[in-house]
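Data first, discussion second: the structure below is written as structure tokens.
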Amino acid sequence: MIRYLTRRLVQMVLLFLVFLTVTWFLLYILPGDSVALKYAGNPNIPPEAREVALERLGLDKPVLIQFRDYMFNFFQGDLGVSFNQYPRPVVDIIGERLPRTLVLFLTALVTYYWAGFVAGKFLAWRRGNRGEMAVTIGGVGLYSMFLPFFAFMLIWFFSVQLGWLPISKFLDPEQWRDAPFAANEVFMRLFWVTLLTAIAMFMASLAAHRTRGRMLERILRWGGGALVIAAFLFYWFGTEAGQGMRIYAGDIAFHMILPVLTLTLINFAGVMLLTRSSMLETLREDFILTARAKGLPEGMIRDRHAARTALLPVATSLVLAVATVIDGGVITEAVFSWPGMGEILISSVLSEDIPLAVGAFAFIGVLALIGHFVVDVLYGLLDPRIRVTEHG
Amino acid sequence: MVEMTNLPEDPRPEDSPVSAAIGGGGESWWKIRLALMRRSFRDNWKIFRRNKVGVFGLVIIAFWGIMAVMPTVFFATGFWTPAVYDPVTGLELDPPTRTMTMVERITDPNTEIDRRAVLLDGRIPDTLQIGDTFELPLQPAPPDGRHWLGTDPLGRDILSQLMHGARASFFLGIVAAVVTVVIGTTIGSVAAYFGGMVDSFLMRLADLLIMIPGVALLIVIGAVFTYQLWHLAVVIGVLSGFGGTAIVLKSQALAVKVKPFIDAARVAGGSARHIIFYHLIPNVMPLSVLYMMFTVTGAIQSEAVLSFLGIFNTDTSWGLMMNLARTQGYLLQVADFWWLTVPAGLAVTLLSGAFFLVGRGMDEIVNPRLRRR
Amino acid sequence: MTADRLPVEVSGGRAPLLEVSGLVLRYDTEVGEVSAVENVSFSLGRAEAMGLVGESGCGKTSVALSLLRLAPDNARYRSGSILWEGVDLLGLSDQQMRLYRWAEISMVFQGAMNAWNPVYRVGEQIREAMYQHFDPPLSKPETNQRLDDLFRLVGLDPAVQNRYPHELSGGMRQRAVIAMALSCEPKLIIADEPTTALDVIVQAQILEELKEIQEDLGLSILYISHDMAVIAQVTDTIGVMYAGKLVEFGPTREVFRRPRHPYSFLLLSSIPSVTGPRRRPVSLEGTPPNLLAPPAGCRFHPRCPWATEQCRNDEPPMMQIGPSQWAACWNAEQVPEMGDQLP
Ligand SMILES: Nc1ncnc2c1ncn2[C@@H]1O[C@H](COP(=O)(O)OP(=O)(O)OP(=O)(O)O)[C@@H](O)[C@H]1O
Ligand SMILES: [Mg+2]
Numbered sequence: 009m010i011r012y013l014t015r016r017l018v019q020m021v022l023l024f025l026v027f028l029t030v031t032w033f034l035l036y037i038l039p040g041d042s043v044a045l046k047y048a049g050n051p052n053i054p055p056e057a058r059e060v061a062l063e064r065l066g067l068d069k070p071v072l073i074q075f076r077d078y079m080f081n082f083f084q085g086d087l088g089v090s091f092n093q094y095p096r097p098v099v100d101i102i103g104e105r106l107p108r109t110l111v112l113f114l115t116a117l118v119t120y121y122w123a124g125f126v127a128g129k130f131l132a133w134r135r136g137n138r139g140e141m142a143v144t145i146g147g148v149g150l151y152s153m154f155l156p157f158f159a160f161m162l163i164w165f166f167s168v169q170l171g172w173l174p175i176s177k178f179l180d181p182e183q184w185r186d187a188p189f190a191a192n193e194v195f196m197r198l199f200w201v202t203l204l205t206a207i208a209m210f211m212a213s214l215a216a217h218r219t220r221g222r223m224l225e226r227i228l229r230w231g232g233g234a235l236v237i238a239a240f241l242f243y244w245f246g247t248e249a250g251q252g253m254r255i256y257a258g259d260i261a262f263h264m265i266l267p268v269l270t271l272t273l274i275n276f277a278g279v280m281l282l283t284r285s286s287m288l289e290t291l292r293e294d295f296i297l298t299a300r301a302k303g304l305p306e307g308m309i310r311d312r313h314a315a316r317t318a319l320l321p322v323a324t325s326l327v328l329a330v331a332t333v334i335d336g337g338v339i340t341e342a343v344f345s346w347p348g349m350g351e352i353l354i355s356s357v358l359s360e361d362i363p364l365a366v367g368a369f370a371f372i373g374v375l376a377l378i379g380h381f382v383v384d385v386l387y388g389l390l391d392p393r394i395r396v397t398e399h400g
Numbered sequence: 109m110v111e112m113t114n115l116p117e118d119p120r121p122e123d124s125p126v127s128a129a130i131g132g133g134g135e136s137w138w139k140i141r142l143a144l145m146r147r148s149f150r151d152n153w154k155i156f157r158r159n160k161v162g163v164f165g166l167v168i169i170a171f172w173g174i175m176a177v178m179p180t181v182f183f184a185t186g187f188w189t190p191a192v193y194d195p196v197t198g199l200e201l202d203p204p205t206r207t208m209t210m211v212e213r214i215t216d217p218n219t220e221i222d223r224r225a226v227l228l229d230g231r232i233p234d235t236l237q238i239g240d241t242f243e244l245p246l247q248p249a250p251p252d253g254r255h256w257l258g259t260d261p262l263g264r265d266i267l268s269q270l271m272h273g274a275r276a277s278f279f280l281g282i283v284a285a286v287v288t289v290v291i292g293t294t295i296g297s298v299a300a301y302f303g304g305m306v307d308s309f310l311m312r313l314a315d316l317l318i319m320i321p322g323v324a325l326l327i328v329i330g331a332v333f334t335y336q337l338w339h340l341a342v343v344i345g346v347l348s349g350f351g352g353t354a355i356v357l358k359s360q361a362l363a364v365k366v367k368p369f370i371d372a373a374r375v376a377g378g379s380a381r382h383i384i385f386y387h388l389i390p391n392v393m394p395l396s397v398l399y400m401m402f403t404v405t406g407a408i409q410s411e412a413v414l415s416f417l418g419i420f421n422t423d424t425s426w427g428l429m430m431n432l433a434r435t436q437g438y439l440l441q442v443a444d445f446w447w448l449t450v451p452a453g454l455a456v457t458l459l460s461g462a463f464f465l466v467g468r469g470m471d472e473i474v475n476p477r478l479r480r481r
Numbered sequence: 336m337t338a339d340r341l342p343v344e345v346s347g348g349r350a351p352l353l354e355v356s357g358l359v360l361r362y363d364t365e366v367g368e369v370s371a372v373e374n375v376s377f378s379l380g381r382a383e384a385m386g387l388v389g390e391s392g393c394g395k396t397s398v399a400l401s402l403l404r405l406a407p408d409n410a411r412y413r414s415g416s417i418l419w420e421g422v423d424l425l426g427l428s429d430q431q432m433r434l435y436r437w438a439e440i441s442m443v444f445q446g447a448m449n450a451w452n453p454v455y456r457v458g459e460q461i462r463e464a465m466y467q468h469f470d471p472p473l474s475k476p477e478t479n480q481r482l483d484d485l486f487r488l489v490g491l492d493p494a495v496q497n498r499y500p501h502e503l504s505g506g507m508r509q510r511a512v513i514a515m516a517l518s519c520e521p522k523l524i525i526a527d528e529p530t531t532a533l534d535v536i537v538q539a540q541i542l543e544e545l546k547e548i549q550e551d552l553g554l555s556i557l558y559i560s561h562d563m564a565v566i567a568q569v570t571d572t573i574g575v576m577y578a579g580k581l582v583e584f585g586p587t588r589e590v591f592r593r594p595r596h597p598y599s600f601l602l603l604s605s606i607p608s609v610t611g612p613r614r615r616p617v618s619l620e621g622t623p624p625n626l627l628a629p630p631a632g633c634r635f636h637p638r639c640p641w642a643t644e645q646c647r648n649d650e651p652p653m654m655q656i657g658p659s660q661w662a663a664c665w666n667a668e669q670v671p672e673m674g675d676q677l678p
């Protein structure tokens, strides 16, 4: 396993170098002097910045030297300076936005995979091949729904018609006017607390999955879950640190509901369809018949045998989902004016803030690569056949 | 695409003899192949027709196909005049009006601008007093006899734009799909045939491409290049052809490569090029057609998103229609101005979804394991 | 002399463990009903080994799965009963039936290579069954002890239980399946082609061991195979199936010495060593009938070299021929001799 992981890790790093190289050539070299033109003609660029940029780019130097300089700077964390938010360094902006995107991305990914998996599981288990047409067409309809259109329909319904949720943005400026915290501080706190809660929840359900005692499983699953949620609530309502931040954290979370919902609903159907067909296929396997013959209860056959094995192809699809959900995230952020990586990517592209655009894109690439790495590890853990083949 | 993981295990059995029989490459080999193709098309159509989901998709595609050719008919027959109905430059000069009565004047406390006047594009005469009635030209106008789906804020016909958008989508989808298939089958077959370094290089490249979020990449490309519809189609086709499609088709080509007729061709002295183009590619073709469908879905969606965000500029497209609705602030008034957003949004969903459905239907042909008895 | 009374007689007066009578099972399909099991009756005593033979597709697996009530979803039990120690399994609720599975009747599946779930360790999959069926539950050390014993019993190193299925060879997997089948101390093991996919040597070893275990533990066993030689080796009684029907039933020795149904006769004559050099081998021609529309009269008549008008029109019932041998053939008395008079 360790060897497998190191090999993957090395591959990932190499891939990233290639990715960066290609990106650089694509954006800085291929268009000839168009970058220079853009710098020269962009009214947003302060004159002194233009000088610095042109010098930094060193358009008169040989291509390889330019490339070397760029790479060198990149790995020293110097991605240049944004033009629109001059003189803020690109790294600084990205450092602020990256956690936000990560949260949106992870929350949506976990929610939709989980929901899609559970829905697919039950659809396959309950109905077999019946209702195939309706499920497929409904699922494909949702899956190929035009994301901005769908997002605006949701906004229109939940925010305009019902008035339940905020229309867009990261927070409500009115409420934050004289807040004692910076938005990012609150956000990071929210991030860590939620992450810890999620990990604890996951551990509890994993432990429940592992045990064989009926009672014990129930206790772990529900009791453990309740305990974790109680701890989460206690933090926000019971402790001093939590109480002070509560309304602000709540405001941020409130603004996240619709974007997460949009991403989840759009992507959920694909996972559901895949799980359903994978599960239907698994249910035809001999080991399911064996499990039945062993007199295992139906729930156990469904969850421990059918679903657990049907999970493998679904986990493989995560590899492709990483790119898809990042794309979805970029679009969603744009639609909701939700200030994450995607939103800066688009706004920087629209305002021709090239250093920021490239920096954002490079980090989106890093995100995708890490996502892949995690999926690989996950898959190795899920499928014992991989685990061993890769050993030796 | 989620479906990509459903890899078929073998090529369709009826294909192997085809290539084997024609291995020699006589003068009329293509005639035989054509005949066989026609036959296998008929057989496959029979299988496809049983799949209701696929047929449903096909019906939707046919519907949009008709939509795409309608403008030509309308303009040719004089039913539509370009001056009014052209999707880009057309203008309804005589829009419907609504009689309104001034009830109160609302002035924005910060800017001191009359808010309603701003909203209505300054079309309220300044001299108007409370209690006066006036005729307000309605633009965007709701559907009526002249404009079946109404007009947009610039007074252009929505239906005409929708039809031209269908045309653009078909063009984009088909070009992207063809590029994908040409590249994907070639790369897949070459990687499978040569193996070794060639294979690992091409496959690592494919790994990289499927990892990159495509829309993000297209957005960044948009920062540097100004590109047109067919550029976009080619870029999407290249990304998919070197990426996911190549991986899938390579594994298919590997399955074909171990078939006896390939060895036979090799023993008979067939060159690598001959074997790849005459044996491998024709046998991975059916599967590649499946991936064509998924590419079309992706291409239509990507274009719509880019146009919607205002990063990609074409004359007419569904994404652009929604972009206009957005920049003019009609997007959240779905109930009052539904014709500005709903037709275009649904069109993207329906057409891209339809190709996806057809792909799923074809899955059963290409992948006999899924067939029901 | 009806089929219904047949079993008790055969089991020689011992209270039978299992008594199947008049079982009719059909599969619903889009194109019609497949008559897979038609009026099958037999019984099986304690510590008895019975064989079920027949060509592929004659309904052997369908019978076996019926005993556990595991036939596919589209299976319909039209009539008949399956009495397990006097309880009709077909009348039980799903919950009740679950308690019989594995604890009373366990099964070694056809193609047991795929009987293992690839994602769990072999030992874990056996433990899971034991956990369900021992009441009071076994303690952890007891379970481990039992697992070790089981693995030794089937000739495997107990360490194998910590491996994943794909890490075992075909023979090991099959042995482990047998260990799993034995894990809950069942009274009957159904072995559906337990050795088909294995090479001849392993096949012989496993059969040998299975036979020993069966005798040592006093188990009943139902062997299913299309291979007469295997059946001859390990069974006490034998049932021959053709196209969904049981056509002959009796002690293995008797049936092999003197088959009373033309189908059994033809099957046996393809094994020279058993039928002896005296008879010349006769081949079985044609293919089994389509069970969507089985032939009228005797289902075997289209392929039977001795078929008469009666065979074409009337379905022969199970008739007692020898002291404990039964056959469903109008000309049962003449069968072995007819072999010499083939055209
Ligand atoms: N689920 C099903 N639906 C319809 N027909 C079925 C189904 N399962 C089995 N059959 C049919 O029922 C008949 C009996 O099948 P069964 O599997 O019991 O035969 P078998 O004797 O075990 O054959 P084999 O030696 O090949 O295992 C066959 O003709 C088969 O085609
Ligand atoms: Mg069978």
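Protein chains in written order, with our numbering: chain A, 9 to 400; chain B, 109 to 481; chain C, 336 to 678. Virtual Cβ for every residue (Gly too), placed ideally from N, Cα, C.
Chain C contact for residue i (CB, 9 angstroms cutoff)
| i | result |
| --- | --- |
| residue 317/A | yes |
| residue 303/A | yes |
9 angstroms Cβ cutoff, residue i in contact with chain A
| i | result |
| --- | --- |
| residue 409/B | yes |
| residue 471/C | no |
| residue 275/B | no |
| residue 385/C | no |
| residue 352/B | yes |
Close beta carbons around residue i, own chain, < 7 angstroms, minus the five adjacent residues each side
| i | result |
| --- | --- |
| residue 164/B | 465 |
Sequence-distant residues of its chain with Cβ nearer than 6 angstroms to residue i (five each side left out)
| i | result |
| --- | --- |
| residue 441/C | 516, 521 and 524 |
| residue 353/B | 288, 292 and 399 |
Neighbourhood of residue i by C-beta, 8 angstroms cutoff - its chain only, sequence neighbours within 5 removed
| i | result |
| --- | --- |
| residue 469/B | 156, 159, 161, 162, 163, 165 and 166 |
| residue 737/C | Lying before the first or after the last residue shown, residue 737/C is absent from chain C, which here runs from 336 to 678. |
Spatial distance of residue i from residue j (CA atoms)
| i | j | result |
| --- | --- | --- |
| residue 302/B | residue 406/B | 30 angstroms |
| residue 160/A | residue 446/B | 12 angstroms |
| residue 388/A | residue 378/A | 15 angstroms |
| residue 346/B | residue 328/A | 17 angstroms |
| residue 467/B | residue 313/B | 25 angstroms |
| residue 473/B | residue 268/A | 37 angstroms |
| residue 200/B | residue 254/A | 54 angstroms |
Residue-chain proximity (residue i, chain B), Cβ-Cβ < 9 angstroms
| i | result |
| --- | --- |
| residue 251/A | no |
| residue 164/A | yes |
Continuous alpha helix (DSSP H) assignments of at least 4 residues falling wholly in the stretch 347 to 422 of chain B: 352 to 365, 368 to 375, 380 to 383 and 389 to 417
Any residues in the stretch 366 to 393 of chain A with a beta carbon nearer than 9 angstroms to a beta carbon of chain C? Which ones, in chain order? 390, 391, 392 and 393
Counting only runs that start and end within the stretch 248 to 336 of chain B, where is the alpha helix (DSSP H) found for 4 or more residues in a row? 266 to 302, 304 to 319 and 322 to 332
Using a beta-carbon distance cut-off of less than 8 angstroms, what residues from the stretch 140 to 160 of chain A approach chain B? 140, 141, 144, 145, 148, 149, 151, 152, 153, 154, 155, 156, 157, 158 and 160
Residue ranges of each beta strand (DSSP E) run of no fewer than 3 residues wholly in the stretch 352 to 389 of chain A, ordered along the chain? none
Name the residues in the stretch 410 to 440 of chain B whose C-beta lies less than 7 angstroms from a C-beta of chain A; which are they? 412, 413, 416, 417, 418, 419, 430, 439 and 440
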